[in-house]
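What follows is one structure encoded as structure tokens, with my remarks underneath.
Chains as they are written, first to last, in my numbering: chain A, 1 to 256; chain B, 257 to 576.
This is the structure in structure tokens:
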């Protein structure tokens, strides 16, 4: 479990996040929503201890992240950042296996178990048969799925995903969210996901945090948070709300 | 995976065969041709006192420059990173020259100042190339060019302090020259390349993540600062020792890791050791040409590596 206790984060003099508190419980998927510049990516970096806090604390299973080594944090928390391009000929399997870094020693090679983790992750991400393909020969969407597969291959119990569906087609957007939610429920893992798609958030989130100017504007279940007032307040747009006839979730339609 | 292992085994066998052939050729060929067996007293003296130290030093220098290139390229996420192009070799050359001019009686100061010069040049290029937005190819190459030309100017100014005979010998050394090889020089280079390669091998898994991105590597548990210090330190050590012994031999660190990656992929656990062997083969081969092409006169080995390396580099650049 990850406990966020009244944290503040800033870049130099500029405060980006202030007074944020929430809990990420086992099995739970939290979706972060907010306008550009609201502090979503900064929060993901703070949750992964990439950025130092200017106030408050984040505890992993009761222990402050500041007291845990980088290696130990990486055993528990995996990040899916917006994908990087590499100029080297790295194969998909090599890339996914690099996610097992913290499970090996300096001179070591991956074990059979490491390869099994990687292959299972590739299968889960609909990437069977991609093992020997080069990363820089893949489309943006395919690379994004490989990046998710690497995070899943770590075996970490907490997944932090920064706009994982940005380059994906409709089918793979749903696949990615479904996969993350299933991982959370079946393995008692948990995830924090950034997206700009309010309907995907409504469909897959256990809890939504709506960020505005680095503070929590609303927090709770999708039905509680995705109200016309909250959306107008955070995004400045009018929306129509109804019920998705297939899933029963709240459905958001922008009014232009 | 199996394809990768198969390719690695094949390349290992090919490199060992090539290394054996190149070593045998290098022993036999030269201004004085030597037989492999039944050597006369004079031939033994040529072999053990002159030729063998030179061949072994060439192998160490080649291995040093190639592993440094492999490590720096992965660390800086840039296949163009190379000790010669980044100014690291010139930093080591300036250090060696300072020792040569000011501490001539203390031979040990040459590798020490070469190491210090290589380290300072590496840090200077890294600092100049890195901006708040990260590091791109153009900035890195430009920083390397700036540092290289600046250090070259300082070296040229220092040459005015040398007399004519020393100046000729120094100019030859600056272009890459193995003719001054000594047994002590071989020991020093061998020690440096063994230590440097072990350090780089110990960071190979971390470098596999670093070559995708520093942020990625950090997220997945790599202590980025520590890896940076170790790779810069190991590269400076091997380049310092190589340059102090043989001057600036260019293109080895650029071409060799690139060719190895084309064969076995980008896994640094394979790229680093294979680059060491391939680099040794390349420089021993180039030095054999340098010794024999216009025998009994000699070419600087750096001129031969550049003559082979530059067209190959242009070909690879156009191919990619």
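For each residue, glycine too, the CB sits at the ideal point set by N, CA and C.
Problem - Under 8 Å between C-beta atoms of residue 480 of chain B and residue 473 of chain B - result: At the C-beta level, residue 480 of chain B and residue 473 of chain B come within 8 Å of one another.
Problem - Partner residues on chain A for residue 284 of chain B, Cβ-Cβ distance less than 8 Å - result: By Cβ distance, chain A contributes nothing, its closest Cβ being about 38 Å from residue 284 of chain B, past 8 Å.
Handout entry: Residue(s) in a DSSP beta bridge with residue 292 of chain A
Key = Nothing can be reported for residue 292 of chain A: it is not among the residues displayed for chain A, which extend from 1 to 256.
Exercise for the section: Just mark residue 459 of chain B as buried or exposed, buried being the case when its beta carbon has 16 or more other beta carbons within 10 Å. Expected result: Label assigned to residue 459 of chain B: buried.
Problem - Under 7 Å by beta carbon: chain A residues contacting residue 347 of chain B - result: Near residue 347 of chain B there are no residues of chain A at all, since even the closest Cβ is about 25 Å away, more than 7 Å.
Exercise for the section: Excluding the 5 residues preceding and the 5 following residue 310 of chain B in the sequence, name in chain order all residues of the same chain whose CB lies nearer than 6 Å to its CB. Expected result: If you ignore the 5 residues before and after residue 310 of chain B, its C-beta comes within less than 6 Å of the C-beta of 434, 437, all in its own chain and listed in chain order.
Practice task
Please determine, among A:104, A:20, A:49, A:179, the residue with the shortest C-alpha to C-alpha distance to residue 124 of chain A.
Solution key: For residue 124 of chain A, the closest C-alpha among the options A:104, A:20, A:49, A:179 is that of A:179.
Practice task
Would you kindly check if the distance between the Cβ of residue 317 of chain B and the Cβ of residue 542 of chain B is under 8 Å?
Solution key: At least 8 Å separates the beta-carbon of residue 542 of chain B from that of residue 317 of chain B.
Exercise for the section: Compare the C-beta of residue 136 of chain A with all C-beta atoms of chain C and state if any pair is closer than 8 Å. Expected result: The structure shown contains no chain C; its protein chains are A and B.
Exercise for the section: At 3 residues or longer, and completely inside the stretch 189 to 220 of chain A: list those beta strand (DSSP E) runs for me, N to C. Expected result: Along the length of the stretch 189 to 220 of chain A, whole beta strand (DSSP E) runs at least 3 residues long occupy 190 to 194, 207 to 212, 215 to 220, reported in chain order.
Handout entry: Contact set for residue 282 of chain B: own chain, Cβ-Cβ below 6 Å, skip 5 residues either direction
Key = 311, 540, 544, listed in sequence order.
Exercise for the section: With 8 Å as the threshold, decide whether the Cβ of residue 163 of chain A is near any Cβ in chain B. Expected result: No, residue 163 of chain A lies away from the interface with chain B (no Cβ there is under 8 Å from its Cβ).
Practice task
On the DSSP bridge assignment, give the partners of residue 58 of chain A in chain order.
Solution key: Residue 58 of chain A is bridged by DSSP to A:4.
Exercise for the section: Find the nearest neighbour of residue 372 of chain B within the set B:344, B:421, B:398, judged by alpha-carbon distance. Expected result: For residue 372 of chain B, the closest of B:344, B:421, B:398 by C-alpha to C-alpha distance is B:344.
Handout entry: Interface residues of the stretch 34 to 64 of chain A facing chain B [CB-CB below 8 Å]
Key = Along the stretch 34 to 64 of chain A, going in chain order, the ones with a CB nearer than 8 Å to a CB of chain B are 48, 50.
Practice task
Determine the DSSP secondary structure at residue 168 of chain A, reduced to helix, strand or coil.
Solution key: Residue state for residue 168 of chain A is assigned as coil, using DSSP reduced to three classes.
Exercise for the section: Would you give the residue range spanned by the beta strand (DSSP E) that residue 251 of chain A belongs to? Expected result: 250 to 254 is the span of the beta strand (DSSP E), which, as asked, contains residue 251 of chain A.
Problem - Alpha-carbon to alpha-carbon, residue 61 of chain A and residue 158 of chain A - result: Approximately 11 Å between the Cα atoms of the pair.
Exercise for the section: Could you name the residues of the same chain whose beta carbon sits closer than 7 Å to that of residue 536 of chain B, not counting the 5 residues immediately before and after it, in chain order? Expected result: Around residue 536 of chain B: 275, 315, 318, 319.
Exercise for the section: Check the Cβ of residue 467 of chain B against every Cβ in chain A and list those closer than 7 Å, keeping chain order. Expected result: Residues of chain A whose Cβ lies closer than 7 Å to the Cβ of residue 467 of chain B are, in chain order, 86, 88.
Practice task
Go ahead and label residue 413 of chain B buried or exposed: buried means 16 or more other beta carbons lie within 10 angstroms of its beta carbon, across all protein chains shown.
Solution key: By the neighbour-count criterion, in which a residue is buried when 16 or more other Cβ atoms sit within 10 angstroms of its Cβ, residue 413 of chain B is exposed.
Handout entry: C-beta atoms of residue 22 of chain A and residue 219 of chain A nearer than 8 Å
Key = Contact: yes.
Practice task
Can you give me the start and stop residues for the alpha helix (DSSP H) that residue 314 of chain B sits inside?
Solution key: Residues 308 to 331.
Problem - Spatially closest choice to residue 73 of chain A from B:263, B:359, B:475, by CA coordinates - result: When only C-alpha atoms are compared, the closest one is B:475.
Problem - Neighbourhood of residue 569 of chain B by C-beta, 7 Å cutoff - its chain only, sequence neighbours within 5 removed - result: Its chain contains 507, 510, 511 as the residues whose beta carbon lies nearer than 7 Å to that of residue 569 of chain B, once the 5 sequence neighbours on both sides are disregarded; these appear in chain order.
Exercise for the section: Specify the secondary structure class of residue 138 of chain A as computed by DSSP and reduced to three states. Expected result: Residue 138 of chain A: coil per DSSP, three-state reduction.
Exercise for the section: Closer than 7 Å by C-beta to residue 258 of chain B: which residues in its own chain qualify, once you throw out the five before and the five after it? Chain order, please. Expected result: Its pLDDT being 49, under 50, residue 258 of chain B is placed unreliably in this model, and the value from its coordinates should be taken loosely. None.
Exercise for the section: Would you list, in sequence order, the uninterrupted alpha helix (DSSP H) runs of no fewer than 4 residues that lie entirely inside the stretch 331 to 360 of chain B? Expected result: Residue ranges of uninterrupted alpha helix (DSSP H) with 4 or more members, entirely inside the stretch 331 to 360 of chain B and ordered along the chain, are 344 to 358.
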